[in-house]
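What the sequence shown shows, in this note's numbering, is residues 23 to 79, in sequence order. Here's the structure, in structure tokens; my notes come after.
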Amino acid sequence: MSPRFKSLHTDIEWERIRGFRNRIVHGYFGIDPSIVWTIIEDYLPELESKLRIINRT
């Protein structure tokens, strides 16, 4: 995402998303499947909802 896009949508935790991506891609300290599942269940639905709203505007 561009810096401008991120600055317009500060309610999304871009740094946390990037950090999670880095852990998955680079395998830092191993990947705990229970943490991945928690993120999928607890955080992904809210992120999806926010992005759908952004997409409508």
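Beta carbons: idealized from backbone N, C-alpha and C, even for Gly.
Where does residue i sit, in a helix, a strand or coil, going by DSSP?
i, result
"F27", "helix"
"E37", "helix"
"F51", "coil"
I'd like the span of the alpha helix (DSSP H) that includes residue i, first residue to last.
i, result
"D64", "P55 to D64"
Please name the residue in the options whose C-alpha comes closest to that of residue i.
i, options, result
"P67", "R78, L30 and I34", "I34"
"I20", "V47, H31 and G41", "With the chain covering 23 to 79 only, the question about residue 20 has no answer from this structure."
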